[in-house]
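For reference, the structure is listed below as structure tokens.
Number of protein chains: 2
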Amino acid sequence: MIVLSPTLEDLSAAQAAFSRFMPVDAEMFGTMSEFAQTVVVPKGTLWVEQGRPSTHVAVIVEGLFRAVYSSDGDDTTYGFYYAPGFVTEYAGFVRQTEARLSIEALEDSRIVQWSYPAIQHLYSLGPKGERLGRLIAEEVFVGFMDRTMELLLYAPEERYARMVERGSSLLQRVPLYMIADYLGITPESLSRIRARMLRKTS
Amino acid sequence: MIVLSPTLEDLSAAQAAFSRFMPVDAEMFGTMSEFAQTVVVPKGTLWVEQGRPSTHVAVIVEGLFRAVYSSDGDDTTYGFYYAPGFVTEYAGFVRQTEARLSIEALEDSRIVQWSYPAIQHLYSLGPKGERLGRLIAEEVFVGFMDRTMELLLYAPEERYARMVERGSSLLQRVPLYMIADYLGITPESLSRIRARMLRKTS
DNA sequence: TGTCGGCCTTGACGAACGTCAAGGAGTTTG
DNA sequence: CAAACTCCTTGACGTTCGTCAAGGCCGACA
Numbered sequence: 452m453i454v455l456s457p458t459l460e461d462l463s464a465a466q467a468a469f470s471r472f473m474p475v476d477a478e479m480f481g482t483m484s485e486f487a488q489t490v491v492v493p494k495g496t497l498w499v500e501q502g503r504p505s506t507h508v509a510v511i512v513e514g515l516f517r518a519v520y521s522s523d524g525d526d527t528t529y530g531f532y533y534a535p536g537f538v539t540e541y542a543g544f545v546r547q548t549e550a551r552l553s554i555e556a557l558e559d560s561r562i563v564q565w566s567y568p569a570i571q572h573l574y575s576l577g578p579k580g581e582r583l584g585r586l587i588a589e590e591v592f593v594g595f596m597d598r599t600m601e602l603l604l605y606a607p608e609e610r611y612a613r614m615v616e617r618g619s620s621l622l623q624r625v626p627l628y629m630i631a632d633y634l635g636i637t638p639e640s641l642s643r644i645r646a647r648m649l650r651k652t653s
Numbered sequence: 452m453i454v455l456s457p458t459l460e461d462l463s464a465a466q467a468a469f470s471r472f473m474p475v476d477a478e479m480f481g482t483m484s485e486f487a488q489t490v491v492v493p494k495g496t497l498w499v500e501q502g503r504p505s506t507h508v509a510v511i512v513e514g515l516f517r518a519v520y521s522s523d524g525d526d527t528t529y530g531f532y533y534a535p536g537f538v539t540e541y542a543g544f545v546r547q548t549e550a551r552l553s554i555e556a557l558e559d560s561r562i563v564q565w566s567y568p569a570i571q572h573l574y575s576l577g578p579k580g581e582r583l584g585r586l587i588a589e590e591v592f593v594g595f596m597d598r599t600m601e602l603l604l605y606a607p608e609e610r611y612a613r614m615v616e617r618g619s620s621l622l623q624r625v626p627l628y629m630i631a632d633y634l635g636i637t638p639e640s641l642s643r644i645r646a647r648m649l650r651k652t653s
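One line per chain: the protein sequences are A and B, in this order.
Letter 169 of the first sequence, counting from 1, is numbered 620 in the working numbering, and no numbers are missing.
Letter 104 of the second sequence, counting from 1, is numbered 555 in the working numbering, and no numbers are missing.
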């Protein structure tokens, strides 16, 4: 992992990500830029390690990450993160406790990150900073609600079918055993589900 | 549902709930009290109805609620809410869109509620209001992360076993078919799981 | 007291999933 | 070029789940 000063493109990608939630004026953009770091994360690197501090939140300029929970030597893929969007081990970050998940780069990635003190500083600047933090937390929340609903409402086969219908780019970018994991099933089961679906459409 | 002016006990229960997240000073407490309403919700009432606006957020003084998603005539129990804690159809509330879930009182309940404009007013008072909103959103988020993790990591039988170990009061207060639903299985399967667990311990 | 309705259990059966094991295709590495 | 590795698939088998159906328990209520 290499830490750099952000380029203008990095900063504008970051601003675009934040702008999806609320307008970012010149002053806030300036403050953000001042504390931002660009990080180049090679494929396979753990940007956050389970059990260690979760110190940063980042905007993904390019690349792909997964959140993974490890226990007794086996991994569970909890979620994926890609541009344009955020990546962070949120639970640990907001409470400044140790990360409960690792976050691993699945492709060579480039992110713009802020430390916890930098974010606190942003909050301390006034209601606009707090507001941005709140809006992002709420948005992230709604995303997780969808995820939980998917697991509760649909059987494994339907979950995969819906992912295909949605045209998720993950299906092209991620090995199937991680998709299986994400859907809550084994790779063998996903393989059989795919075989069944092929038989039906042909 | 009967709407009343909050009693002092109602307000102090509300303050206690908020205090779990950050100190609430006299000024903020005053503003909160000014806009608060107490609502008596009889068992069986839908406090929020799926498809209609999600207008309020509330602190539970006493009672029990469940969030339920209805589709094609069958229901899925999404979560439970009880004192001391909050209840709201959060996704609809924060975005002021229609509720995606209904929220039903499972016991005769008493809550202290705030409307969306009241909360916005609280936010507009300065960083402390925004901060409180953000902290609550983050806390709610971590809870949902736990919920999703439970569904991904554990098989149905383990999910029930963990609920028993945790000593959840829900097991005493809620019919098993709702528990089954909450765990993502059918009532029949939960019944068999209970039978299996009894055989093992005896 | 008898009946009704809500809730839990049990049975039977088929379908889907998990596990263990083996094999094949494509890519990387020496 | 061959060997090693990663990833996906397929097979066999046992277990668990969902569904449909029936029956029992218990509190509510006339």
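Ideal Cβ placement from N, Cα and C applies to all residues, glycine included.
- The beta carbons of ILE562(B) and VAL538(B) sit closer together than 8 Å.
- Comparing C-alpha distances from VAL625(A) to each of GLU555(A), SER463(A) and THR482(A) shows the shortest one belongs to GLU555(A).
- As the crow flies, the alpha-carbon of MET596(B) is around 18 Å from that of LEU552(B).
- The CB of PHE595(B) comes closer than 8 Å to the CB of PHE592, PHE595, MET596 and THR599 in chain A, given here in chain order.
- Here the C-alpha atom of ILE511(A) lies approximately 15 Å from the C-alpha atom of LEU621(A).
- For GLY530(A), the closest alpha carbon among the candidates THR599(B), PRO638(B) and THR458(B) is that of THR599(B).
- Per DSSP, the beta bridge partners of GLU513(A) are ARG561(A).
- Between LEU586(A) and GLY580(A), the gap from beta carbon to beta carbon reaches 8 Å or more.
- DSSP places SER553(B) inside the beta strand (DSSP E), whose first and last residues are 553-556.
- Taking a cut-off of 8 Å on C-beta distances, the region 540-552 of chain A touches the region 503-519 of chain A, as three or more cross pairs fall below it.
- Judged by their CB atoms, LYS494(B) and LEU455(B) are not nearer to each other than the 8 Å cut-off.
- By the criterion of a C-beta distance shorter than 7 Å, PRO607(A) is surrounded in its chain by LEU634, GLY635, ILE636, SER640 and ILE644, once the five residues flanking it on both sides are discounted.
- The Cβ of PRO578(B) sits closer than 8 Å to at least one Cβ of chain A.
- Per DSSP, the continuous alpha helix (DSSP H) segment holding LEU603(B) begins and ends at 578-604.
- Within the DSSP bridge table, the entry for GLU549(B) names PRO504(B) as partners.
- Rounded to the nearest whole angstrom, the C-alpha separation of ASP476(A) and MET483(A) is 11 Å.
- Of all residues in the region 517-541 of chain A, only TYR520, SER522, THR527, THR528, TYR529, GLY530 and TYR541 come within less than 9 Å of chain B when Cβ atoms are compared, listed by chain position.
- Residue range 536-538 is occupied by the beta strand (DSSP E) that includes GLY536(A).
- Around the CB of ALA631(B), 16 or more other CB atoms lie within 10 Å, so the residue is classed as buried.
- A residue is called buried once 16 or more other Cβ atoms fall within 10 Å of its Cβ, and MET479(A) is buried on that count.
- Collapsing the DSSP output to three states places VAL490(A) in a strand.
- For the 8 Å CB-CB criterion, ARG610(A) and GLU616(A) do not form a contact.
- Here PHE469(B) carries a helix assignment [DSSP, helix/strand/coil].
- Chain-order list of chain A residues neighbouring VAL475(B): empty, with the shortest C-beta distance near 16 Å, by a criterion of under 7 Å.
- Contact of VAL492(A) with chain B is not assigned, every C-beta pair being separated by 8 Å or more.
- For VAL499(A), same chain residues with a beta-carbon under 7 Å away, outside a window of 5 residues either side, are SER505, GLU540, ALA550, SER553 and ILE554 in chain order.
- Ranked by how close their Cα comes to the Cα of VAL492(A), the residues ARG650(A), GLU485(A) and ALA509(A) have ALA509(A) in first place.
- Interface with chain B (8 Å Cβ-Cβ cutoff): ARG561(A) is excluded.
- Rounded to whole angstroms, the Cβ separation of ALA468(A) and GLY536(A) is 7 Å, and the two are in contact under 8 Å.
- The Cβ of ALA509(B) sits no closer than 8 Å to any Cβ of chain A.
- Using a Cβ-Cβ cut-off of 8 Å, ALA588(A) counts as an interface residue toward chain B, since at least one Cβ of chain B sits closer than that to its own.
- In the DSSP secondary-structure assignment, PHE531(B) is bridged to ARG517(B).
- THR528(A) is positioned such that its CB atom lies no closer than 8 Å to that of MET614(A).
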